[in-house]
Each structure stands twice: as C-alpha cells, then as structure tokens.
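Notes follow the structure.
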Amino acid sequence: MPGPFHVTDPLPSGQFEPLPYGLLEVARVPADNADPHWQRGVAFQAPCVTGATTYDECLVVTGSGGAPPAPAAKVENVDLSLRGVMPFTVYAWFDCSPVGVSGTEREQLAEQALAAVQGWQVERAVWTGVAGGRDVVFPSLDGDTAAVYAQGASTVLLQSPVVTGNSTATDAVTGLGLLEGMLADCHTGVGVVHVPQKALPTLWPLLKPQGGRLKTLGGFDVAVGAGYPGTGPGGSDPGEGAAWLYGTGPVFAYRGDRLSIREPRDALDRANNTLSLLAERTFAVGWGCCHFAVLVSLGANSAGGGGVIS
C-alpha cells in the first residue's frame, strides 16, 4: 500500500502562461479602463475615411490641350457613425474544502482558475457573439446582421454586417492577400487579422514574429485565438478542411478587476462542507471601421510550401 500522497504545488501561483498571440495579447487597453462606467456599455466615434482627390483647374494640365474642366464638387467622405460595444463577463466557479487552505491560498486558486480560462472564453465570445448561451456580445466577428441601439436622439451601431471576400475556400496565400487588400483599402493603418488556432500551421509561412507579436508580411497584427471556432458569417460551418479568417480595424479591450466570493456566509455549503469560490472579470471588446471575412483551405501546401520566417 502506498503511503499518503504528498500534497504540493507543481505549478506555483502566477506561473500560468497564456498562448503568446491571443486576442487579449493584441488588443489595446483604453486609457479610461480604470473608469468603471464602461461596464454599462461603450459608445465611441471612429472616423471611417474613404478620402478623395481633386485638383485646381488653374494649376493643372490635362495633356490633351485646352483648359481642363472644373473639378467635381467635393462630397462628404468621412463616416462618424456612433458605434457601441456591449460588455460580458467571464467566470470560473469551483468548490474546495474550507479546512486546511488559507484565505490567501483560496484567493490564489480562484485567480489561477480565471487566468486559465479567460483568454479562450473572451475569444469565443467575441467571435460568436454568444455569452451565457445568448447572442448578447456586440460586436462579434461572425455577426452578419446589423444591430443598433437607440440612445436618446442618437443611434448606436452595435453590429455591422461582415463583408465577405469569397464564397468558396481558396488557398491561404490568395485568401490572406485578399483579406489584407480589403483591410488596406478600408483602414490605411495597422488592422488585425483574426486566425483560428487550427489555421495557424497553414498560415505560418506567411507570418512573422515581431516585437512579441505576430504580424503578416504586410504589417497587420495577427490574433491567433484558441477560442476562435473558425465559423463563417452568421455562424455558418466552413466545411471540412477549411476555416474563416476575419479582418478588422485595431481592437481594444476593456478589462475589469477580478472579483471573488470567499466569505463563508456567502459561499459555505454546510451540507457538503465545501466552500464555493467564484472569480470573474468583465470585458468589453470592440473595433472601429472595417469588418471582412475570407474562407481559406487548410493544409500543408495551402500557403505555398513550408519554411519559417524569423
């Protein structure tokens, strides 16, 4: 008979290591994150600019002789629609013995449990729009139906339908190029390409690690989500051997403080002599302009061969 098991901690508190290129690693934390009012929802304006060119007929030459015609009238080309982001909460709940574990140790267990699940859960919620079994997360990557919220005299755009670049799966080189092209036309700065974890090996030859982040060769940030399911617009099935990629403008993520229920009067189950612990954190994740999707085939040859770019 073996002796009593040795109780130890092979993974000391604070040593949970998240995957390096997840959504929360790419998202920017807003400057007003410390203001808790964001947990009621966030409304913001992100200038979506198409731009245009014109000329002065007194200062140009057409090359065909004669005076050039007057330029067309200038038109509005900046969209300042009020956009909105709705919060959701990730939690970890478990029971443990109230005896032999200090309050500090229980709090550390709760923090570890939350740290282990929050990245995956945030990615799944932001991709699918689902939290607690309901479509309540806005905006979402695979959301394909416009959603608005009336705030006084203003209308807040919560979800814009995604624009798809193709309807049948293409190779990864063509698909990523198509997605980057649409992003570059929409947002001339650095946007984000959202990649399901299962698609990373296919895309790897087209990506490069840089400064702790993963980038496309064109310079876009890449969020590789273990929680990203790879579904298409409206939650559609991509089919065997394929996955959807999404492209958005820069992503931001508000992050709440961690809360734990640890008072015995609230959490002690006297019938079973267990203490329930709850750790939770509220998030609000969004982006401004641009929302595109492409369907790519998965496979070793899809990205044009092997090789790693360092």
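Start counting the sequence shown at 70; every next residue gets the next number (our numbering). Think of the CB as a built atom: it goes at the ideal place given N, C-alpha and C, for glycine as much as any other residue.
Between the alpha carbons of residue i and residue j, how many angstroms are there, rounded?
i	j	result
A185	E86	8 Å
L364	Y315	9 Å
P89	K143	46 Å
A253	L245	12 Å
G290	V262	The residue asked about is misnamed: residue 290 is Asp in this sequence, not Gly. Distance between the alpha carbons of D290 and V262: 6 Å.
T237	A268	16 Å
G281	G355	22 Å
G135	Y124	16 Å
T300	E180	31 Å
P270	V76	39 Å
C358	G318	6 Å
A222	P116	20 Å
W196	Q190	10 Å
F157	R350	9 Å
L312	F74	The residue you asked about is not Leu; residue 312 is Ala in the sequence shown. Their Cα atoms are separated by approximately 45 Å.
L183	R109	22 Å
L276	A241	11 Å
P307	V118	32 Å
G296	L92	9 Å
With DSSP as the reference, label residue i as helix, strand or coil.
i	result
T351	strand
R109	helix
K284	strand
L149	coil
V159	strand
T317	strand
G301	strand
R175	helix
P265	strand
L276	strand
A103	coil
V95	helix
T271	helix
V144	coil
L183	helix
L88	coil
V130	coil
V118	strand
Exposed or buried, what is residue i when buried is set at 16 or more other beta-carbons lying within 10 Å of its beta-carbon?
i	result
E192	buried
V147	exposed
C127	exposed
L149	exposed
F361	buried
F207	buried
P298	buried
V264	buried
H256	buried
R97	exposed
T122	exposed
V293	buried
Near residue i, what residues of its chain come up, given a Cβ to Cβ distance below 6 Å and the 5 sequence neighbours on each side ignored?
i	result
V111	V154 and A353
W162	L347
V232	F361
N102	Y323
Which same chain residues, not among the five before or five after residue i, have their C-beta less than 8 Å away from its C-beta?
i	result
E249	V262, T285, G287, F289 and G316
A215	L226, Q228, S229 and P230
Is any heavy atom of the ligand NAP found at a distance shorter than 6 Å from the C-beta of residue i?
i	result
K284	This structure does not include the ligand NAP; it has no bound ligands of any sort.
Give me, in chain order, the residues of the same chain whose beta-carbon lies closer than 7 Å to that of residue i; leave out the 5 immediate sequence neighbours on both sides.
i	result
Y272	Position check: residue 272 holds Leu in this sequence, whereas Tyr was assumed. So the list reads A241, L245, V264 and A372, once near-sequence residues are dropped.
Within the segment 188-262, ranges of the beta strand (DSSP E) (whole runs, at least 3 residues): Given a length threshold of 3 residues, each whole run of the beta strand (DSSP E) inside the segment 188-262 is given here in chain order: 216-220 and 223-228.
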